[in-house]
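For the sequence shown, this note's numbering begins at 549 and goes up steadily by one. What follows is a set of notes on a single structure, which appears directly below.
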Amino acid sequence: MTIEAFELAQAILISIGGGSVIIFALSSFLAKVWAKRILQNEKQKHDKELSEYKAQLESLIQKDNLNYQQKLDLYKVVSNPLIELVALLSKNGLTAEHVQEFDRQRLHITAQLALFAPQSVFNAFSDMVDYLYNSLEQNNYSFFVFRDKALSYLSEMRKDIGIYTDEVTYNGDR
């Protein structure tokens, strides 16, 4: 009877052991599959977030480039009348028609700068134009003073565009 009990116990242990090995193998396989699915879902979620961030970054870059180009175009347009006026003033002198034409253009420049430029650029422009008008009225125009005010204006434009942050100064002797 002891041998039969031993064989019976051995048969029970073998059948339970075999089943537990199968259960362990299946649970291990299912755990791997489940972990793989969780990782895939997380990866998809992160890839989606990453693509959204990339799209946002690309949009900001496009907006920044457009803003940069618009500022360059604005400053080119508003600088031309000043360049023409100073060239006339330096070469031939100004007539009343020249001043009237510049007055008309100055109003356009003032509106453009007030809408699209920062206060520092607008202030530098106003300082330069005020000097120009005051010196013409008092007949004491100095190109050297005007140049310093114009360079200050250009420095503020450069800062606004983001090209440089330093001040432009004239270091020549003319």
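Every residue gets a Cβ at the ideal spot worked out from N, C-alpha and C, and that includes glycine.
> According to the neighbour-count rule (16 or more other Cβ atoms, all chains shown, within 10 Å of its Cβ), is LEU630 buried or exposed?
Replying inline: buried
> How about LYS697 and ASP675: do their beta carbons lie closer than 8 Å?
Replying inline: A distance below 8 Å separates the beta carbons of LYS697 and ASP675.
> Grouping DSSP H, G and I as helix and E and B as strand, with all else coil, what is GLU715?
Replying inline: coil
> Going by the CB atoms, is the gap between LEU622 and GLN653 shorter than 8 Å?
Replying inline: With respect to LEU622, GLN653 sits apart: the two C-beta atoms are not nearer than 8 Å.
>> Please state the DSSP three-state secondary structure of THR658.
In response: helix
> Which first and last residues belong to the alpha helix (DSSP H) in which TYR681 is found?
Replying inline: 667-686
> Given that a residue counts as buried once 16 or more other Cβ atoms are within 10 Å of its Cβ, and exposed if not, what is VAL581?
Replying inline: When all chains shown are included, VAL581 counts as exposed.
> Anyone know if the C-beta pair for VAL634 and PHE673 falls short of 8 Å?
Replying inline: If you check the CB distance, VAL634 and PHE673 do not come in under 8 Å.
> Counting along the chain, where does the alpha helix (DSSP H) carrying SER700 start and finish?
Replying inline: 691-709
> Any idea what DSSP makes of LEU642, helix, strand or coil?
Replying inline: coil
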